[in-house]
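Some notes on the structure that comes next.
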Amino acid sequence: MEFKTINDFLTNLPKEELEIVQFIQKVIRDCMPDAKEKIASNIPFYYRHARICYIWPASISWEKVTAGVGVGFCKDVDFLDHTFASVALVYNSIADIDVAVLKQRIESAIILDNKIVKVRRRRIQ
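Numbered per the UniProt record's numbering, the sequence shown spans residues 1 to 125.
Quick look at the structure:
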């Protein structure tokens, strides 16, 4: 099944994953109220100037997340992870989520996103 909208995606999740995904969405929105949420690769991605992070539930087939819900970051210390080679955080319940750690990772990704856009602007000038 291919999802066209975030709502399509959410309505097709198992209840346990849906609760985790909605909790993570709230944390992301609290940290990045200006982020755009779009479906890509059949999962939600969050953008500002570029892709910041994504949420990948195990029910959406991918060998990297076999249970629970993964949160990955598109730009990290390796700068750009086009392959989604690692999922930084995987949660099996809302109780597993260390909100402070998740927020810190999101805030670090925002800082990197801001640096990238500054570099791009300098190249244009």
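Virtual Cβ for every residue (Gly too), placed ideally from N, Cα, C.
Val71 carries a strand assignment under DSSP once its states are collapsed to helix, strand and coil. A check of alpha carbon separations from Ile6 across Ala40, Cys31 and Met32 identifies Ala40 as the nearest. Rounded to the nearest angstrom, the gap between the Cα atoms of Asp113 and Ala95 is 29 Å. In the structure shown, Ala95 adopts helical secondary structure according to DSSP, grouped into three states. One Cα belongs to Phe3, the other to Leu10, and the distance between them is close to 9 Å.
In terms of Cα proximity to Lys38, the closest of Cys31, Ile52 and Val27 is Ile52.
Following the DSSP letters along the chain, one finds Lys15 in no beta strand (DSSP E) but inside the alpha helix (DSSP H) bounded by residues Lys15 to Cys31.
In the three-state reduction of the DSSP assignment, Glu107 falls in the helix class, which pools H, G and I.
When DSSP states are grouped into helix, strand and coil, Lys36 belongs to the strand group. With contacts defined as CB atoms closer than 9 Å, Glu107 and Val69 fail to qualify as a contacting pair.
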